[in-house]
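Residue numbers (this note's numbering), protein chains in the order written: chain A, 1 to 120; chain B, 1001 to 1223. The C-beta atom is built at its ideal place from N, Cα and C for all residues, glycine as well. These numbers were taken from a predicted model, which means no experiment stands behind them.
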């Protein structure tokens, strides 16, 4: 119903593809320039934001997910949620090691070995 | 009827396209199934690289200064050039699909060839970057031997750099192989506006390779 052409496949217009490409090149220039300026703690989030914007353009127009079957969007979204879980839950461990008083950075094995050595 | 294979000839009525396999209701259903299968595979590719991005994040949180020092040893112009080369190749892949959807087999072949050429340029640039690093004594892990920059833990940056760009490079190499295969089939006239599924699926793969580089470039070369 939403398809103009015979067999139901969306044909992305040439100018849409060209504008997507030009926007991607422009954003690449922006990310190179802003990285040369010292923005302190903001450099990393800014570069990541631009990269996510570029990736979104590629997915939406070059991969035509915007015009595609919604189930493919669901597949990608579930995958990306897993990536976020992967990163965040790993950081819950690694970024806070030693922050809680009764937790030792050493493993139980290492502590026991040191205690055994101290006893002689 | 006479030209189709015996299996399909007996089971189906006429007006049955040659590319449509027995177990699908229609060409559209077959196409959608293939495409969803490709998206599932691409998610596993994203998760493969996610493991390496997690390693990057963990080590960067532990030793941020190492990543700032490491980036200064990479050439942002070569990295930027390769970014534009890959973006252009994503554009030509999208064009190749656009043209075969309109039944233009010649423009399909030209755009596949252009994409292949861009992928090749990418690997040549990467070759010069790697050999320059090796020349300086910048090797992954314990083999790092570049005296001018010896920030503690700098080896971690270059281990991550070589593994991430290396596995990405293998994906580019596989892409070149796939484009050669597509070019041969396109030259034989296998693809039409009715059936071009392999072009579509390889195109999706190639865009994911491009997206991985979109993240690698700023994370390794710039910040």
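Note to self: Rounding to the nearest angstrom, what Cα-Cα distance links residue 40 of chain A and residue 1105 of chain B in this structure?
What the structure shows: Taking the straight line from one Cα to the other gives about 51 Å.
Check: If you drop the 5 nearest sequence neighbours on each side, which residues of the same chain put their C-beta closer than 6 Å to that of residue 1133 of chain B?
Finding: Once the five neighbours on either side are set aside, residue 1133 of chain B has no close Cβ partner at all.
Margin query: Output needed for residue 1074 of chain B: all residues of its chain with C-beta closer than 7 Å, excluding positions within five of it in sequence on either side, in chain order.
Written below: Result list for residue 1074 of chain B: 1220 and 1221, in chain order.
Next item on the list: Would you kindly work out how many angstroms separate the C-alpha atoms of residue 1084 of chain B and residue 1016 of chain B, rounded to a whole number?
Entry: Separation of residue 1084 of chain B and residue 1016 of chain B (C-alpha to C-alpha, rounded to the nearest whole angstrom) is 43 Å.
Checklist line | Simplified DSSP state of residue 86 of chain A, which is helix, strand or coil | finding: The answer is helix: DSSP assigns residue 86 of chain A an H, G or I state.
Next item on the list: Report the residue ranges of all alpha helix (DSSP H) runs contained in full by the region 1055-1089 of chain B; include only those spanning at least 4 residues, in chain order.
Entry: The region 1055-1089 of chain B contains, as complete alpha helix (DSSP H) runs of 4+ residues, the segments 1064-1072 (chain order).
Check: Roughly how many angstroms separate the alpha carbons of residue 1051 of chain B and residue 82 of chain A, rounded to a whole number?
Finding: The alpha-carbon of residue 1051 of chain B is positioned some 11 Å away from that of residue 82 of chain A.
Notebook entry, point to check: For residue 1115 of chain B, does the three-state DSSP call read helix, strand or coil?
Noted result: Residue state, collapsed to three classes: helix.
Checklist line | C-beta contact flag for residue 1057 of chain B and residue 1089 of chain B at 8 Å | finding: Note that the C-beta distance between residue 1057 of chain B and residue 1089 of chain B is not below 8 Å.
Check: Beta-carbon of residue 30 of chain A versus every beta-carbon of chain B: anything under 8 Å?
Finding: So no, residue 30 of chain A is outside the interface.
Notebook entry, point to check: Which chain B residues sit within Cβ distance under 7 Å of residue 95 of chain A?
Noted result: By Cβ distance, chain B contributes 1061.
Notebook entry, point to check: Looking at chain A, which residues of the region 1080-1091 of chain B have a Cβ within less than 8 Å of any of its Cβ atoms?
Noted result: Shown in chain order are the members of the region 1080-1091 of chain B whose Cβ falls below 8 Å from a Cβ of chain A: 1080, 1083, 1084, 1087, 1088, 1090 and 1091.
Notebook entry, point to check: Along the chain, where does the alpha helix (DSSP H) that runs through residue 1164 of chain B open and close?
Noted result: Following the DSSP letters along the chain, one finds residue 1164 of chain B inside the alpha helix (DSSP H) bounded by residues 1154-1187.
Checklist line | Interface flag, residue 1218 of chain B vs chain A, CB-CB below 8 Å | finding: Closer than 8 Å: yes.
Item checked: Buried versus exposed call for residue 1200 of chain B [16 or more other C-beta atoms within 10 Å across all chains shown] -> By the neighbour-count rule (16 or more Cβ atoms within 10 Å), residue 1200 of chain B is buried.
Margin query: Quick check on the burial criterion: 16 or more other C-beta atoms within 10 angstroms. Buried or exposed for residue 119 of chain A?
Written below: With fewer than 16 Cβ atoms within 10 Å of its Cβ, residue 119 of chain A is classed as exposed.
Notebook entry, point to check: Residues of chain A with a CB under 9 Å from the CB of residue 1098 of chain B: which are they?
Noted result: Around residue 1098 of chain B, the beta-carbon contacts reaching into chain A at under 9 Å are 11, 12, 13, 14 and 17.
Notebook entry, point to check: If you count every other CB in all the chains shown that lies within 10 Å of the CB of residue 1138 of chain B, and 16 or more means buried, which is it?
Noted result: Sixteen is the threshold: when 16 or more other Cβ atoms of the shown chains lie within 10 Å of the Cβ of residue 1138 of chain B, as they do, the residue is buried.
Note to self: Here's the rule I'm using: 16 or more other beta-carbon atoms within 10 Å means buried, otherwise exposed. How should residue 1027 of chain B be labelled?
What the structure shows: Result: buried.
Check: Name the chain B residues whose beta carbon is nearer than 8 Å to that of residue 42 of chain A?
Finding: For residue 42 of chain A, there are no neighbours in chain B by C-beta distance under 8 Å, as the nearest C-beta there is about 10 Å away.
Checklist line | Nearest to residue 1080 of chain B (by Cα), restricted to the options A/15, A/30, A/19 and A/18 | finding: It is A/30 whose Cα lies nearest to the Cα of residue 1080 of chain B.
Check: Whose CA, out of B/1059, B/1162, B/1101 and B/1154, lies closest to the CA of residue 87 of chain A?
Finding: Checked all of B/1059, B/1162, B/1101 and B/1154; the closest Cα to residue 87 of chain A is B/1059.
Next item on the list: With a cut-off of 8 Å on the beta carbons, I'd call residue 1062 of chain B and residue 76 of chain A a contact; round off their distance for me.
Entry: Contact doesn't hold; Cβ gap of about 31 Å is too wide.
Note to self: Using the Cβ count rule (16 or more neighbours within 10 Å means buried), how would you classify residue 6 of chain A?
What the structure shows: Confidence in residue 6 of chain A is poor, its pLDDT being 45 and thus under 50, which makes the residue's placement too unreliable to answer from.
Check: Are the beta-carbon atoms belonging to residue 1078 of chain B and residue 1129 of chain B less than 8 Å from one another?
Finding: Result yes, Cβ atoms of residue 1078 of chain B and residue 1129 of chain B sit closer than 8 Å.
Next item on the list: Would you please verify whether the beta carbon of residue 49 of chain A is less than 8 Å from any beta carbon of chain B?
Entry: No, residue 49 of chain A does not count as interfacial toward chain B.
Margin query: Using only CA atoms, which one of A/62, A/80 and A/71 lies nearest to residue 13 of chain A?
Written below: Proximity to residue 13 of chain A across A/62, A/80 and A/71 peaks at A/62, based on C-alpha coordinates.
Margin query: Between the alpha carbons of residue 1258 of chain B and residue 1103 of chain B, how many angstroms are there, rounded?
Written below: Nothing about residue 1258 of chain B can be read from this structure; chain B reaches only from 1001 to 1223.
Margin query: Please state the DSSP three-state secondary structure of residue 109 of chain A.
Written below: Secondary structure of residue 109 of chain A (DSSP, three-state): helix.
Next item on the list: Starting from the beta carbon of residue 1105 of chain B, find every residue of chain A whose beta carbon is closer than 8 Å, and list them in chain order.
Entry: Under the 8 Å cutoff, chain A gives no residues; its nearest Cβ is about 16 Å from residue 1105 of chain B.
Item checked: Minimum Cβ-Cβ distance from residue 79 of chain A to chain B less than 8 Å -> Chain B contact via Cβ: present.
Margin query: Beta-carbon within less than 8 Å of residue 1011 of chain B's beta-carbon, same chain only, minus the 5 sequence neighbours each way: which residues are those?
Written below: Bear in mind that a pLDDT of 49 at residue 1011 of chain B, under 50, signals an unreliable position, so the model cannot answer this.
Check: Mind pulling the chain B residues with CB within less than 7 Å of residue 54 of chain A?
Finding: Result: 1214.
Note to self: If we define contact as Cβ-Cβ less than 8 Å, is residue 1057 of chain B a contact residue for chain A?
What the structure shows: It does; some Cβ of chain A falls within 8 Å.
Next item on the list: Find the nearest neighbour of residue 70 of chain A within the set B/1192, B/1036, B/1099 and B/1145, judged by alpha-carbon distance.
Entry: Measuring from the Cα of residue 70 of chain A, the nearest candidate turns out to be B/1036.
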